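S.K.: Quick note, the numbering used here runs 136 ahead of the 1-based positions in the sequence shown. Where is the CB? At the ideal position from N, CA and C, for every residue including glycine. None of these values were measured; they are calculated from a predicted model. Shown below is the structure under consideration.
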Amino acid sequence: MSRIWLLIAAVLTLAACGSRTASVAPPSPPIGQPVQPGETAASLAQARARLITHPKFGDSDPHPWKGRTPWSYPIHGIDVSRWQGDINWRRAKAAGISFAYLKATEGGDLADPKFRDHWRGARQAGVKRGAYHYFYFCRPAAEQARWFIRHVPRDSAALPHVLDMEWTPHSRTCTKRPSGSKVRAEADRFLDILEAHYGRRPVLYTTVDFYRDTGIGRLKGTEFWLRSVADHPHVTYPGALWRFWQYTGTGRVPGIDGNVDLNVFGGGPERWLRWSGQI
Numbered sequence: 137m138s139r140i141w142l143l144i145a146a147v148l149t150l151a152a153c154g155s156r157t158a159s160v161a162p163p164s165p166p167i168g169q170p171v172q173p174g175e176t177a178a179s180l181a182q183a184r185a186r187l188i189t190h191p192k193f194g195d196s197d198p199h200p201w202k203g204r205t206p207w208s209y210p211i212h213g214i215d216v217s218r219w220q221g222d223i224n225w226r227r228a229k230a231a232g233i234s235f236a237y238l239k240a241t242e243g244g245d246l247a248d249p250k251f252r253d254h255w256r257g258a259r260q261a262g263v264k265r266g267a268y269h270y271f272y273f274c275r276p277a278a279e280q281a282r283w284f285i286r287h288v289p290r291d292s293a294a295l296p297h298v299l300d301m302e303w304t305p306h307s308r309t310c311t312k313r314p315s316g317s318k319v320r321a322e323a324d325r326f327l328d329i330l331e332a333h334y335g336r337r338p339v340l341y342t343t344v345d346f347y348r349d350t351g352i353g354r355l356k357g358t359e360f361w362l363r364s365v366a367d368h369p370h371v372t373y374p375g376a377l378w379r380f381w382q383y384t385g386t387g388r389v390p391g392i393d394g395n396v397d398l399n400v401f402g403g404g405p406e407r408w409l410r411w412s413g414q415i
């Protein structure tokens, strides 16, 4: 009799263990369907469906493009400052604006008075946004980086921020033209400080003459935003790799009074969604 009860107890114990094991085992994925942690085909499709691709905006001084045109790129955006005034961000987004870079600071003592309004408005409209700093060659890079950090909040949903470096021959206070090695060292210092604070290395915006004169393209681990309003970047910046291309300073976008800079992202919709942290 005791032997029978021992056998019954053993069977019940094995059943209980099997039940516990089954309850925590992960379900197997459907055959033929790859598993991608944190991402599904449905989420990618939904994110893509929210994009307006290949928009073609007006231009008050259009360029007769040859070869590959700006509007052959699917993802377009703007960069703005106080000079654009109030912006109807929902209209701009509906017209095909996927991203916006907003001027936050300049040098070590100037802050754009419209930055907070633009920062808030872009977010509320669902436009991916980042901030940019206009570099001043008469102040140390570390001082300027601290000034930027003081005005631009941490936001995990923001795009990587931007350092704008270009010659300033018409500045009323600083027309210095440091050597290429000095420029690169200062840029590297600024980028390092912001990367440590925000968690992503900033993009560097520049112009044709500055890129040529300073060798700024030698900076390692840095993505570039290149201005080229009269030809494709592969012509004006031979061999350069770029993340953004600014193709006009006289664009016209619904929701914005007057001219505005227009830019494209150098990749397709899926790359944009990944780079901007939307998937």
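1) Which full runs of the beta strand (DSSP E) of 3+ residues lie inside the stretch 261-314, going along the chain?
2) Where does GLY403 fall in DSSP's three states?
3) Taking the C-alpha atoms as reference points, what is the distance between GLY203 and ASP367?
4) I'd like to know whether the C-beta atoms of THR309 and CYS274 end up nearer to each other than 8 Å.
5) Are the Cβ atoms of SER196 and ARG388 separated by less than 8 Å?
6) Assuming HIS297 and GLY266 form a contact by the criterion Cβ under 8 Å, report the distance between their Cβ atoms to the nearest whole angstrom.
7) How would you label ALA381, buried or exposed, when you count the other beta carbons within 10 angstroms and need 16 or more for buried?
8) State the Cα-Cα distance for the pair GLY391 and GLY213, rounded to the nearest angstrom.
9) Report buried or exposed for TRP283, applying the criterion of at least 16 other Cβ atoms within 10 angstroms of its Cβ.
10) Leaving out five residues before and five after LEU355 in sequence, what residues of the same chain have Cβ atoms less than 8 Å from its Cβ?
11) Do you know offhand how far TYR272's Cα is from HIS199's?
12) Please give the ranges of any beta strand (DSSP E) in the stretch 325-356, keeping only runs that are unbroken, at least 3 residues long and fully inside the region.
13) Select from GLN182, ALA185, LEU187 and PHE193 the residue whose C-alpha is nearest the C-alpha of LEU398.
14) Quick check on the burial criterion: 16 or more other C-beta atoms within 10 angstroms. Buried or exposed for ALA228?
15) For the alpha helix (DSSP H) that contains GLN421, what are its first and last residues?
16) Name the one or two DSSP bridge partners that TYR237 has.
17) Can you give the Cα-Cα distance for PRO162 and ALA178, rounded to whole angstroms?
18) Just mark TRP225 as buried or exposed, buried being the case when its beta carbon has 16 or more other beta carbons within 10 Å.
19) Select from GLN280, GLY351, SER292 and HIS190 the residue whose C-alpha is nearest the C-alpha of GLY335.
20) Does DSSP put GLY194 in a helix, a strand or coil?
21) For ARG184, I'd like the list of residues in its chain whose CB is within less than 6 Å of its CB, leaving aside the five on either flank, ordered along the chain.
M.R.: This is what the structure holds:
1) 264-270 and 298-300
2) For this step, residue 403 is matched to residue 267 along the sequence shown. Correct three-state label for GLY403: coil.
3) Counting from one through the sequence shown, the residue named residue 203 turns up at place 67. Counting from one through the sequence shown, the residue named residue 367 turns up at place 231. Cα to Cα, GLY203 sits roughly 9 Å from ASP367.
4) Stepping through the sequence shown from its first residue, residue 309 is reached at position 173. Stepping through the sequence shown from its first residue, residue 274 is reached at position 138. The answer is yes: Cβ separation under 8 Å.
5) Taking the sequence shown and counting its residues from 1, one reaches residue 196 at position 60. Taking the sequence shown and counting its residues from 1, one reaches residue 388 at position 252. Yes, Cβ-Cβ distance for SER196 and ARG388 is below 8 Å.
6) In the sequence shown, counting from the first residue as 1, residue 297 sits at position 161. In the sequence shown, counting from the first residue as 1, residue 266 sits at position 130. Their Cβ separation, rounded to whole angstroms, is 5 Å, which keeps HIS297 and GLY266 in contact under 8 Å.
7) For this step, residue 381 is matched to residue 245 along the sequence shown. The question names Ala, yet the displayed sequence has Trp at residue 381. TRP381 comes out buried.
8) Stepping through the sequence shown from its first residue, residue 391 is reached at position 255. Stepping through the sequence shown from its first residue, residue 213 is reached at position 77. When rounded, the distance between both Cα atoms is 13 Å.
9) In the sequence shown, residue 283 corresponds to position 147, counting from 1. Flag for TRP283 reads buried.
10) As a position in the sequence shown, residue 355 is number 219, starting the count at 1. ARG320, ALA323, ASP324, LEU327 and LEU340, listed in sequence order.
11) Locating residue 272 in the sequence shown gives position 136, where the first residue counts as 1. Locating residue 199 in the sequence shown gives position 63, where the first residue counts as 1. Taking the straight line from one Cα to the other gives about 30 Å.
12) Entirely contained in the stretch 325-356, the beta strand (DSSP E) runs reaching 3 residues are, in chain order, 339-342.
13) Along the sequence shown, one-based indexing puts residue 398 at 262. For LEU398, the nearest C-alpha among the options comes from PHE193.
14) Sequence index remark: in the sequence shown, residue 228 carries index 92 (1-based). Buried.
15) Nothing about residue 421 can be reported from this structure: the residues present for the chain run from 137 to 415 only.
16) Against the sequence shown, residue 237 aligns to sequence position 101. For TYR237, which the question treats as bridged, DSSP gives the partners ASP215 and GLY266.
17) By one-based count along the sequence shown, residue 162 stands at place 26. By one-based count along the sequence shown, residue 178 stands at place 42. Note that PRO162 scores 34 on pLDDT, short of 50, meaning its location in the model is unreliable; the coordinates nonetheless yield the value given after this. Distance between the alpha carbons of PRO162 and ALA178 is about 21 Å.
18) Against the sequence shown, residue 225 aligns to sequence position 89. Buried: at least 16 other Cβ atoms inside 10 Å.
19) Locating residue 335 in the sequence shown gives position 199, counting from the first residue. GLY335 has its Cα closest to that of SER292, out of GLN280, GLY351, SER292 and HIS190.
20) Position 58 of the sequence shown, counted from the start, is the residue given in the question as residue 194. Three-state result, GLY194: strand.
21) What you label residue 184 is simply residue 48 of the sequence shown in a count that begins at 1. Answer for ARG184: PRO405, listed in chain order.
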